[in-house]
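Some notes on the structure that comes next.
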Amino acid sequence: MLAGLDPEQRTAVTAPAGPVCILAGAGTGKTRAITHRIAHRTLSGEINPRHVLAVTFTARAAAEMRGRLTALGAGGVQARTFHAAALRQVRYFAARLLDGRGMPELMESKIRVVGLAAARAGVRADRAVARDLAGEIEWAKSSLVEPSEYVVAAAKALREPPLEPARVAEVFTAYESLKRSQGVIDFEDLLRAAVWGIEEHPDVADQIRAQYRHFVVDEYQDVNPLQQRLLEAWLGGRDDLTVVGDASQTIYSFTGATSSYLIDFPRRWREAVVVRLVRDYRSTPQVVGLANAVIRQARGTEAKLRLELEGQRPAGPEPELKIFPDEPGEANAVARRCRELIAAGTPASEIAVLFRTNAQSEAYEEALAEAQVPYVVRGAERFFERAEVRRAMIALRAAVRSIPGETPLVEAVVEGLTATGWNPSQPPPGGAAREQWEALAALVTLAEEHAAEPAILPIGEGGRVQREVTLAAFNDELARRAEQQHAPTMAGVTLASLHSAKGLEWDAVFLVGLADGTLPTTYAKTAEQLEEERRLLYVGVTRARQLLWLSLGQSRAPGGRSRRPCRFLPQLERSGGGERAGSSGLAGDRGRKADRRVPKVSSCRICGATLLAGADRKLGRCPTCPSDMDEELFQRLQAWRASTAAELKVPAYVVFTDATLVAVAERRPTDPAQLLAIAGIGPRKLGQYGDAVFALVGGASLDDLGRENFEN
Numbered sequence: 001m002l003a004g005l006d007p008e009q010r011t012a013v014t015a016p017a018g019p020v021c022i023l024a025g026a027g028t029g030k031t032r033a034i035t036h037r038i039a040h041r042t043l044s045g046e047i048n049p050r051h052v053l054a055v056t057f058t059a060r061a062a063a064e065m066r067g068r069l070t071a072l073g074a075g076g077v078q079a080r081t082f083h084a085a086a087l088r089q090v091r092y093f094a095a096r097l098l099d100g101r102g103m104p105e106l107m108e109s110k111i112r113v114v115g116l117a118a119a120r121a122g123v124r125a126d127r128a129v130a131r132d133l134a135g136e137i138e139w140a141k142s143s144l145v146e147p148s149e150y151v152v153a154a155a156k157a158l159r160e161p162p163l164e165p166a167r168v169a170e171v172f173t174a175y176e177s178l179k180r181s182q183g184v185i186d187f188e189d190l191l192r193a194a195v196w197g198i199e200e201h202p203d204v205a206d207q208i209r210a211q212y213r214h215f216v217v218d219e220y221q222d223v224n225p226l227q228q229r230l231l232e233a234w235l236g237g238r239d240d241l242t243v244v245g246d247a248s249q250t251i252y253s254f255t256g257a258t259s260s261y262l263i264d265f266p267r268r269w270r271e272a273v274v275v276r277l278v279r280d281y282r283s284t285p286q287v288v289g290l291a292n293a294v295i296r297q298a299r300g301t302e303a304k305l306r307l308e309l310e311g312q313r314p315a316g317p318e319p320e321l322k323i324f325p326d327e328p329g330e331a332n333a334v335a336r337r338c339r340e341l342i343a344a345g346t347p348a349s350e351i352a353v354l355f356r357t358n359a360q361s362e363a364y365e366e367a368l369a370e371a372q373v374p375y376v377v378r379g380a381e382r383f384f385e386r387a388e389v390r391r392a393m394i395a396l397r398a399a400v401r402s403i404p405g406e407t408p409l410v411e412a413v414v415e416g417l418t419a420t421g422w423n424p425s426q427p428p429p430g431g432a433a434r435e436q437w438e439a440l441a442a443l444v445t446l447a448e449e450h451a452a453e454p455a456i457l458p459i460g461e462g463g464r465v466q467r468e469v470t471l472a473a474f475n476d477e478l479a480r481r482a483e484q485q486h487a488p489t490m491a492g493v494t495l496a497s498l499h500s501a502k503g504l505e506w507d508a509v510f511l512v513g514l515a516d517g518t519l520p521t522t523y524a525k526t527a528e529q530l531e532e533e534r535r536l537l538y539v540g541v542t543r544a545r546q547l548l549w550l551s552l553g554q555s556r557a558p559g560g561r562s563r564r565p566c567r568f569l570p571q572l573e574r575s576g577g578g579e580r581a582g583s584s585g586l587a588g589d590r591g592r593k594a595d596r597r598v599p600k601v602s603s604c605r606i607c608g609a610t611l612l613a614g615a616d617r618k619l620g621r622c623p624t625c626p627s628d629m630d631e632e633l634f635q636r637l638q639a640w641r642a643s644t645a646a647e648l649k650v651p652a653y654v655v656f657t658d659a660t661l662v663a664v665a666e667r668r669p670t671d672p673a674q675l676l677a678i679a680g681i682g683p684r685k686l687g688q689y690g691d692a693v694f695a696l697v698g699g700a701s702l703d704d705l706g707r708e709n710f711e712n
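In the UniProt record's numbering, the protein residues as written are 1 to 712.
Encoded structure:
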């Protein structure tokens, strides 16, 4: 259980019972640390796995935790989201808490009822306004704010609600009334019901606390006041609590989440063991160096727990920074680069394009579709709620009756999906159609994984059970995954907002739209809001394992107003010298005040990106774009430079640097304007060497130049 752990992870795993705070930077193996801690304690006999409750924030993370614990031999541990744990407990105790009445229906979304509540309050609200009002009500309820308290609480929190605060409070009041009359509850009501059941019913509290005695909370920086109150109700004054978090990844404060519980943990629990995980196993040192440079300038409360990551992987390519004339040009360049990566062997599912707002997605959907690159939009619609997936699940259930039971699982799934019109060998053209095709292909991949799992599974203490590999059993697995929203991975470039990318990682990441006004958003006005925008960029950078591209369009549309680059980017030039562990292709601010002017730049003559580094401007192209250098001309230029330097008795670089010779051999200037366009060549060098350069470009040899000089 301790083999393969680094010293800090080992400290976290072996810490004694009691409060433990693990400050875990991105990619430092936090899930490994907490699952090994749970398994170490259970396998040593210190605790019973059935008495452990591990909570996190997504069904995917909970499923991953359960899988790892099962593999480690601690399969009896309950690993759930806050809401799933609360739902299980409220359902179990519903008859006792509700005097025999059944549990109210749980709403999947507030928007419909919020729209009705707005109409009842005399507020005209289209779907967009209703969505914003639903978000504001969710913040209030997560922050333990009642409708009558909303106006004051919103002012204190510097909220910017979609309507006048008093009108929001009226809609909030009507919303609560409508829910009661319709007999439904929302997710915040579910958590409140769990809290109420424990705080107001001693018998319920005793039973829950007897069941759960040891607690682990992942992503603790994202806990809101309502979730913290539920956690404290579960604990009931006990202290066997392990929390894991990273204050630098606090990006959900708009929903009511606060890092204050993580930051204050050592003060609240004076005897707490605090462990810092800083060894980054996810990203190359170049990516880690850029992440450190971004977060190093952070200010405010969260910065007190800032972690300086240490890259553990071999060196990789420097992060690329590109500025394009406009957003359409940026999107097209990203699509081309994605296509190149896929052609070179990078799986499409290992590439992500991340942006600040969902509205930015459309341009990249169009560009990728035009480039015939498959893509998946994350967060737009839950996988199991997609129309084609619902139809496919119905078809697979029907196929149980028509397909012989001895048919191999994968073959049966493909045959069942074919009934919906899906063709496994012919992905359709077009972005949306291809995405629908990929969704069904993901079900086939899931069937392949299901069929490949061991036929015998361990259960309980020493028990074993034969696992069914049939279409009926696979349908049960799909139903379980749908209930837990545990979606399979779809084969396509991921398009996602920075918020929805949290907790994920890819080999290649494109961070796009990095312009002031987009990141940070224009709505970020206070120092705290701006710092959260900085943390969003940090989260985006740390999603990349190997290749990281950062870009922006100088204007939103062709010919539009120019914008500044994102103020959180380190200085916009390449760092000098060779590569070193922890360095990055974007030099850090080094304590200097950031220059927020739009830099004077030139464009790559091959891909159109703006060139920032001096060497790139000299070449007139990005270092990653293909060279079209005339090798024979380059050799003649070298010979001429050596001869000229010897005559003048100066070092060769005083005549022209190597980079200048490469630029001349690539760009082959034929008039003074073209030669002066090469960075580093001014009027003086034009007068000194211009004629010789033009002659060499025209095909002259060194001997020809010698004869010409003799004749002159």
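No residue lacks a Cβ here, since even glycine has one placed at the ideal position from N, Cα and C.
For residue i and residue j, I'd like the C-alpha separation in whole angstroms.
i: G576; j: K322; result: Confidence at G576 is low in this model, with a pLDDT of 30, below 50, so its placement is unreliable and the value that follows should be read with caution. So the alpha carbons of these two residues sit roughly 18 Å apart.
i: A659; j: D630; result: 14 Å
i: Y92; j: P325; result: 59 Å
i: A479; j: I394; result: 11 Å
i: R131; j: K110; result: 8 Å
i: D280; j: Q426; result: 41 Å
i: A363; j: R336; result: 14 Å
i: P49; j: T42; result: 6 Å
i: P570; j: L290; result: 8 Å
i: G513; j: K304; result: 29 Å
i: R112; j: A119; result: 11 Å
i: Q227; j: V55; result: 10 Å
i: L511; j: R32; result: 27 Å
i: A210; j: E108; result: 31 Å
i: D703; j: A369; result: 55 Å
i: V377; j: S361; result: 8 Å
i: T14; j: E219; result: 20 Å
Could you please give me the residues that DSSP links to residue i through a beta bridge?
i: H214; result: V52
i: G517; result: T521
i: P565; result: A515
i: Q674; result: DSSP, once it has assigned bridges, lists no residue as partnering Q674.
i: E105; result: V184
i: Q78; result: L53
i: W549; result: E320 and F510
i: L619; result: Answer is none; L619 lacks a bridge partner.
i: I22; result: V244 and V275
i: V493; result: Y375
Report buried or exposed for residue i, applying the criterion of at least 16 other Cβ atoms within 10 angstroms of its Cβ.
i: G29; result: buried
i: D246; result: buried
i: N332; result: buried
i: D99; result: exposed
i: V145; result: buried
i: T81; result: buried
i: N292; result: buried
i: R88; result: exposed
i: R96; result: exposed
i: L2; result: exposed
i: G492; result: buried
i: V224; result: Note that residue 224 corresponds to Asn in the displayed sequence, not to Val. By the 10 Å Cβ count, N224 comes out buried.
i: Y252; result: buried
I'd like to know whether the C-beta atoms of residue i and residue j end up nearer to each other than 8 Å.
i: L495; j: V278; result: no
i: A233; j: V195; result: yes
i: F162; j: V129; result: Reading the sequence as shown, one finds Pro at residue 162 and not Phe. Cβ distance < 8 Å, so P162 and V129 count as in contact.
i: S142; j: E176; result: no
i: P285; j: G183; result: no
i: E388; j: A439; result: yes
i: F568; j: R545; result: no
i: A451; j: L409; result: yes
i: L619; j: V662; result: yes
i: T250; j: Q221; result: yes
i: L307; j: L23; result: yes
i: D476; j: T346; result: no
message = In chain order, what are the residue ranges of uninterrupted beta strand (DSSP E) at least 3 long that sit wholly in the region 266-354?
response = 273-277 and 320-326
task = Could you name each continuous alpha helix (DSSP H) segment of 4 residues or more that falls completely within the region 373-404, going from the start of the chain to the end?
result = 387-402
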